[in-house]
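Presented below is the structure to which this report refers.
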Amino acid sequence: MFERETQRRAGYVLSLGIMPLLWFAGEIIFGVRMWNVHPLHAFLSYGATFLALFGGMYWMHGVTMRDQSRVSQMVIAMSLVPLMTGAGALCYHGSIGLMLLLAGYIALLGCEWHFYRHEIIPAWLWTVRLRISVVGIGVIFAVLFVKRL
2 MFERETQRRA GYVLSLGIMP LLWFAGEIIF GVRMWNVHPL HAFLSYGATF LALFGGMYWM
62 HGVTMRDQSR VSQMVIAMSL VPLMTGAGAL CYHGSIGLML LLAGYIALLG CEWHFYRHEI
122 IPAWLWTVRL RISVVGIGVI FAVLFVKRL
């Protein structure tokens with residue numbers, strides 16, 4: 002019982018991390034400027050920070066794995082893809098930055114699927130991260146659609 006409650010609360014905390022991304026997307030889609038910064042720049046910056054956070058966590062997990070086998074080398078290599086695409090999204094403003102951010106979130110989802118399949122992350126974390134990633138990818142698609150109009 003305690004473990005399920007802890008997992009549920011951890012899922013809520015992880016879900017709160019996507020809220021600023023939704024906020025900035027709402028500013029872009031509805032054309033409302035509530036802050037002094039450009040909403041697209043804030044959206045790209047927060048999205049890249051989110052990718053860097055999870056890419057860095059998975060990279061550190063790969064470095065500290067007990068068995069330095071092929072799986073740990075793959076974890077290290079795969080964790081760099083979201084980091085690099087997030088950095089690329091910061092270098093380009095506009096549609097190209099959004100496409101790079103989208104590629105980073107898709108790469109992060111692929112990394113997490115690989116880690117779940119090799120039992121590196123638990124099943125409950127995979128389901129939470131899947132939901133968060135699907136929402137993030139959907140929001141990026143919506144912002145990309147609005148920016149292309």
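Positions 2 to 150 (this note's numbering) are the ones given, in order, by the sequence shown. Even glycine gets a Cβ: it sits at the ideal position worked out from N, Cα and C.
Between the alpha carbons of His119 and Leu99 lies a gap of roughly 30 Å. Where Glu28 is concerned, the enclosing alpha helix (DSSP H) starts and stops at 20-31. Closest in C-alpha terms to Ala11, from the list Ile133, Gly48, Gly139, Ile138, comes Ile133. Closest option to Leu103, judged by alpha-carbon separation, among Arg9, Tyr47, Gly63: Tyr47. A straight-line Cα-Cα distance of about 7 Å links His42 and His94. Counting along the chain, the unbroken alpha helix (DSSP H) around Met100 starts and ends at 96-118. Judged by DSSP in its simplified three-state form, Ile138 adopts helix.
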